[in-house]
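Those protein sequence lines, which keep their order, are chains D and F.
Sequential numbering from 1004 applies to the first sequence in our numbering.
Sequential numbering from 25 applies to the second sequence in our numbering.
Virtual Cβ for every residue (Gly too), placed ideally from N, Cα, C.
Scroll down for the structure; my scribbles are underneath it.
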Amino acid sequence: MSLGAQLPALLVLAPLAASALTFIAGRNVDRYVALGCAVVNTALAVALAARVLDVGAWRYEVGGWGAPLGIDLVADGPAALFVLLVAVVGLAVTVFATAYFHRDDPNAYGNGHFWTLWMFMWTSLNGLCLTGDAFNVYVCLELVGISAVGLAALKGDARALRAGARYLFANMLAAMTYLLGVALLYSATANLDMAMLRVVLAEGGPGESGAAVGIALMVAALVLKTALVPAHFWLPSAHSAAPTPVSAALSALVVKGTYFALLRIVLGMTPPGFVPGLNVLLGVLGAVAIIWGSIQALLQTRIKQFVAYSTVAQIGYLFIVFPLAGAGADVMSLALGGVLLHAATHGLAKSGLFMAAGSLMDRFGTDDLNRMRGAARTAPVLTMTVALAGVTMMGLPPSGGFGSKFQLATASISTGQWWWAVALGLGGLLAAAYMFRVLAIMLSGPADALAPADAAIRLEWLPLGLALAALFFVFAAPLVNELAAIGPLLASGAVTP
Amino acid sequence: MMIWLPVLLPAIAALSTFLLGERRPRARNTLNLIAAAASVGTVVVLVIRAYGGEVAVGAIPMMSDLDLGVHSDLTGLLFSTVATVLWMITLVYAIGYMEHAADQARFFGFFALCIAAANGVALATDPVSLFVFYEILTLTTYPLVVHSGTPEALAAGRKYLLYALTGGTLLLLGNAWLYALAGPTPFTPGGALAGVETHTTALRAIFFLMAAGFGVKAAIMPLHGWLPGAMVAPAPVSSLLHAVAVVKAGVFGIIRLINELYGPALASSLGVAQVLAAFAAASIIVASVIALRQDDLKKRLAYSTVAQLSYITLGVALCSPLAAAGALAHLAHHAFMKITMFFTAGSLAETLHVKKLSEMGGVARRMPVTMGSFAVAAFALAGIPPLAGFASKWLLGSGSVEAGASWALIVYVAAGALAMGYMVPILLAAMRPGDHGAPEGVESDPRMLWPIVIVAAMSIVLGLTAGLPGSPVHWALTAVAPAFGGVTP
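Following this line, the structure appears as structure tokens:
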């Protein structure tokens, strides 16, 4: 077996090793271990994507056992894209964190546990993206959840602990529900490998209703962890109470990881129509999320809450792909390419937006949006970052958000389900409303006082770079569409219920 | 590569302007002027080649089988030339006008970005590429509208976004529907929808979605509400963007929509062009009547712009070669005439703090050259021969007859009379006695005066040379011919 074929395992092992190392390493070294690991991880992720484009998808049998007895990792196009997204945003978050957490401040980052938890979260996110086993998804969900809760509560003040407890509750509820679902599924089919399950479920059989209930529970659990309306109650507090780099990682990556598991289960494993009404329900909730999240974002007065509600809205777009399942392969490739594009571009823009929001908060010494007047003059780079990330939130060209909206709208209209396109258009307008409300404050005068930029310059330019990457991401659409087509997710499109 | 320069050069100027910040204003101004001159040079070379039949094409892969594409066809180049040439002239004016203003880097940066976007709109090869640049234009204009940061400016900005982004969303839905129906549809003179003409209901709906999207910037009534409010922006913005780049991007979109996406034949057989023509005709009359009653000079000019833009929309919606050529020529002519007037309004406001007709007494004595230039532009706009406005209106009028729509001819003639009606009072107000506390004959800053003189002179030159190759009239006749089966009228 060539070294390239081992990449999926390496992508899990490398950050795991780094996590252990940062735990042992002293305060002077841990950040460099994390940085080194971030660079290695990014290189591995690029190599994985390159290999997937080169040789197509492949399965990696952990320990050589092979499914159904062992656990398989699946390296396909969508997985490679998500791993790459985790790597790029992860690298940016790591660099940002080295400037954000002062080495000489003993309490600033959970007594140094930030790096350990962060590397651990990276491990589990990679695992979540690469696993091909329905039970292994559960394991990864738990690991992501534990590290994410730890990171969210890192500040240790009352607000952070309250938000963390809420987040923990959502996580536990989701994990238990998922476990129940996967147990039902296993008892009905005696299988846990998603690719095999796809065949088994398509054939149908005596255990069909049990399997359907199991899948419904698994989906419900993932919906809760992805914070789809109405299961979003935990997200705004958890994402806004966390330290800025953590907010960025949670909003940009963690909800995407659980969403990816959902893609695998609903599109890759379950034949369309197997669970009656499931796909349409997900689409409806997605549309509601777009509208509801945007309206909430419009009403927020604290900057991080505002950004977090924008995430609630943006997550909705990702669910428009599900009601289209079962359409022809060309329509599905447009739709799947669209949501992958959205996930990636939103990940880039949202991490940039959270970093900029956190920096604005620190500079102005308040999180009150109405006291950030004149930021366009006094903090032009941060304001520009908010504006450019905003273009992505609105889905205006040339951002990747435009590409995803266009592809999803076209796919919806092609299947005759034009109402999803209307929801997408409305969502763009609402996003413009909430983004420009904030930008108008920043452009208005007279300027509020703000502290000079004390931290390293990368605190300003790094988020701008992320927002710029998102702004031109529509030109990455050909690559994303190509990756979307590699692997079993699209194959499901051809099967009619 | 060269085909991208009209977009790239202003974008590079914008980027450098942002990076320079408020440091070294002299370097920033020089850099912007050099970029503008280089853009003009590029466009001129492209025009010469296009006249020789050589169309350059550039494309960047964007989505599955959609590219972001630009090409140097004559129709697009006409708009691009107008935008680029007037950018250079407006830059000189703006450097004088903004000398003591705050946030100049932001101003000049977004100003250049607007021109990059307008050039993209002009040269785009297909409706999706056009949409991309069209929305960038919306976004980059916003910081200029709200430049002063006052509550009034912010309110105008909100209104502008509400109109423009809603229009943009309709345009996006139209584009998505069209793509779902017909796949990629690159602009083709005479129509790009061969093979899907039978889907008449869908095509009608798509047309109205797109026309509404373009209609917002083209200020077709009742979608014009944002324009008078946006006059709160600094004078160079009102001049170049709200008389030329932004509003013309709207009418230009309609020109592409009818002549090169649907094709005049299909647009009129579907009955959609006639509906658009009716809206445009109503806009001409209503906006002209409203202009009669405006005391605020910039508002009066803004309503005049609404009317004049609909001259263009009506011309292209008549689906006749002469009227379409007149529309395209008027796009260029109106730009030079109206920018003269907005420059003048800016000079009056900046130098004399005069913003209303009722305060204008004595300004003709105080600034004879400025007001003389204004008078030339005003008469040109009203269609007095041999000035520029007459040439394009002659084409529009004869096109109306050619299309068998004599009602349109009546509209144009009536609108000409109304234009006299709202322009002449401005001149009379300027000649009333009044005192502005300074020696007579002292004009504004030379950087603001000379651009006015130059653009006013253009109104004369373009009218006198209307028959010669390279003039907007000749250019427009050549450019629209392929859309009507290649017959040069």
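- Under a CB-based cut-off of 8 Å, is S1022/D close to chain F? Here the question's residue 1022/D lines up with position 19 in the first sequence. Closer than 8 Å: no.
- Compile a chain-ordered list of the residues in the stretch 1267-1291 of chain D whose CB is closer than 8 Å to at least one CB of chain F. none
- Message: How far does the beta strand (DSSP E) with D1333/D in it extend, from its first residue to its last?
- Response: For the purposes of this step, residue 1333/D is identified with residue 330 of the first sequence, where counting begins at 1. Segment 1332-1367 is the alpha helix (DSSP H) holding D1333/D; no beta strand (DSSP E) there.
- Item | Contact list for A972/D against chain F, beta-carbon separation under 7 Å | Any answer about residue 972/D is impossible in this case: the structure gives chain D only from 1004 up to 1500.
- Query: Near A402/F, which residues of its chain fall below 6 Å by C-beta distance, leaving aside the five closest residues on each side in sequence?
  - Reply: As a working note, residue 402/F is residue 378 in the second sequence. Only M447 meet the Cβ criterion.
- Exposure of P496/F, with buried meaning 16 or more beta-carbon neighbours within 10 Å: For the purposes of this step, residue 496/F is taken as residue 472 along the second sequence, with counting starting at 1. Buried.
- Query: Would you say the stretch 1352-1360 of chain D touches the stretch 1328-1337 of chain D, given that touching needs at least three Cβ pairs under 8 Å?
  - Reply: no
- Message: Determine, for R1380/D, whether the minimum Cβ-Cβ distance to residues of chain F falls below 8 Å.
- Response: Against the first sequence, residue 1380/D aligns to sequence position 377. Chain F, which has a Cβ nearer than 8 Å to the Cβ of R1380/D, makes this yes.
- Query: List, in order along the chain, the chain F residues whose C-beta lies closer than 7 Å to that of G1428/D?
  - Reply: Taking the first residue of the first sequence as 1, we reach residue 1428/D at position 425. T193, L196, L197, listed in chain order.
- Query: Considering Y1063/D, what are the terminal residues of the alpha helix (DSSP H) in which it resides?
  - Reply: As a position in the first sequence, residue 1063/D is number 60, starting the count at 1. Premise fails: Y1063/D lies in the beta strand (DSSP E), 1061-1064, not in any alpha helix (DSSP H).
- In its own chain, which residues sit with a C-beta less than 7 Å from the C-beta of L1429/D, not counting the 5 before and 5 after it? Numbered from 1 along the first sequence, position 426 holds the residue referred to as residue 1429/D. Once the five neighbours on either side are set aside, the close Cβ partners of L1429/D are I1294.
- Message: Quick check: is the beta carbon of A1511/D nearer than 8 Å to any beta carbon in chain F?
- Response: For residue 1511/D there is no data in the structure shown, the boundaries of chain D being 1004 and 1500.
- Query: Is any beta-carbon of chain B found at less than 8 Å from that of I1294/D?
  - Reply: Absent from the structure is chain B; the protein chains it does hold are D and F.
- What residues in the stretch 78-89 of chain F bring their beta carbon closer than 9 Å to a beta carbon of chain D? I84, P85, M86, M87, S88
- Message: Out of V1222/D, V1098/D, Y1170/D, which one is the CA nearest neighbour of T1180/D?
- Response: The count along the first sequence starts at 1 and reaches residue 1180/D at position 177. Of V1222/D, V1098/D, Y1170/D, the residue nearest in Cα terms is V1222/D.
- Which term fits L1372/D, buried or exposed, when burial requires 16 or more other beta carbons within 10 angstroms of its beta carbon? Taking the first sequence and counting its residues from 1, the one referred to as residue 1372/D is at position 369. Its Cβ being crowded by 16 or more others within 10 Å, L1372/D is buried.
- Message: Please report whether the beta-carbon of G1410/D lies at a distance below 8 Å from any beta-carbon of chain F.
- Response: Taking the first residue of the first sequence as position 1, residue 1410/D is located at position 407. One detail in the question is off: residue 1410/D reads as Gln in this sequence, not Gly. Judged by the 8 Å Cβ criterion, Q1410/D is in contact with chain F.
- Residue nearest to Y1437/D in terms of C-alpha spacing, selected from I1218/D, V1043/D, A1316/D, F1099/D: Numbered from 1 along the first sequence, position 434 holds the residue referred to as residue 1437/D. Comparing Cα positions, the closest option is A1316/D.
- Query: Taking any Cβ of chain D, which residues in the stretch 448-460 of chain F have a Cβ under 8 Å from it, in chain order?
  - Reply: none
- Sheet register partners of D1196/D (DSSP bridge): Position 193 of the first sequence, counted from the first residue, corresponds to residue 1196/D. According to DSSP, D1196/D bridges with D1136/D.
- Query: In chain order, what residues of the same chain have a beta carbon less than 6 Å from the beta carbon of P85/F, not counting five sequence neighbours either side?
  - Reply: As a first step, residue 85/F must be located in the second sequence, where it is residue number 61. Correct list, in chain order: D91.
- How many angstroms separate the CA atom of S397/F from the CA atom of A1424/D? If you number the second sequence from 1, residue 397/F lands on position 373. If you number the first sequence from 1, residue 1424/D lands on position 421. Approximately 50 Å, taken between the alpha carbons.
- Beta carbon proximity, I1323/D to chain F, threshold 8 Å: As a first step, residue 1323/D must be located in the first sequence, where it is residue number 320. With 8 Å as the cut-off, I1323/D does not count as an interface residue toward chain F.
- Message: Does chain F have any CB closer than 8 Å to the CB of I1489/D?
- Response: Mapped onto the first sequence, residue 1489/D falls at position 486. It does not; no Cβ of chain F falls within 8 Å.
- Message: Run through the DSSP bridge pairs and tell me what H95/F is partnered with.
- Response: What you label residue 95/F is simply residue 71 of the second sequence in a count that begins at 1. Note: H95/F sits in a beta bridge opposite V81/F.
- Item | S1250/D versus H1242/D, V1257/D, L1256/D, residue with shortest Cα-Cα distance | The residue given as residue 1250/D occupies position 247 in the first sequence. Closest by alpha carbon: H1242/D.
- For M1445/D, the nearest candidate out of T1395/D, F1367/D, L1493/D (CA to CA): Walking along the first sequence from the start, residue 1445/D turns up at place 442. The residue with the shortest Cα to Cα distance from M1445/D is F1367/D.
- Item | Euclidean distance between Cα positions of L1385/D and F1104/D | Position 382 of the first sequence, counted from the start, is the residue given in the question as residue 1385/D. Position 101 of the first sequence, counted from the start, is the residue given in the question as residue 1104/D. Those two C-alpha atoms are separated by around 19 Å.
- Query: Per DSSP, what kind of secondary structure is V1032/D in: helix, strand or coil?
  - Reply: Position 29 of the first sequence holds residue 1032/D. V1032/D falls in the coil class under three-state DSSP.
- Query: Which residues in the same chain have their Cβ closer than 7 Å to the Cβ of N199/F, if we skip the five residues on either side of it in sequence?
  - Reply: Position 175 of the second sequence, counted from the first residue, corresponds to residue 199/F. The residues are P151, V152, F155.
- Message: Given this structure, state the Cα-to-Cα distance separating S88/F from A204/F, to the nearest angstrom.
- Response: The residue given as residue 88/F occupies position 64 in the second sequence. The residue given as residue 204/F occupies position 180 in the second sequence. One C-alpha to the other measures close to 13 Å.
- Query: Would a C-beta distance cut-off of 8 Å place L1176/D and V1216/D closer than the cut-off?
  - Reply: As a working mapping, residue 1176/D is identified with position 173 in the first sequence. As a working mapping, residue 1216/D is identified with position 213 in the first sequence. Result no, Cβ atoms of L1176/D and V1216/D do not sit closer than 8 Å.
- Query: In chain F, which residues lie with their C-beta within 9 Å of the C-beta of V1477/D?
  - Reply: Here residue 1477/D refers to the residue found at position 474 when the first sequence is read from its first residue. M86, M87, L92, V156, listed in chain order.
- For A500/F, which residues of its own chain have a beta-carbon under 6 Å away from its beta-carbon, when the five flanking residues on both sides are left out? Position 476 of the second sequence, counted from the first residue, corresponds to residue 500/F. The answer, listed in chain order, is A349, L352, A353.
- Query: Cβ atoms of G215/F and A141/F: under 8 Å apart, would you say?
  - Reply: The count along the second sequence starts at 1 and reaches residue 141/F at position 117. The count along the second sequence starts at 1 and reaches residue 215/F at position 191. Against a cut-off of 8 Å, the Cβ pair of G215/F and A141/F comes out as no contact.
- Message: So for L515/F, helix, strand or coil by DSSP?
- Response: Absent from the structure is residue 515/F, since the part of chain F shown begins at 25 and ends at 513.
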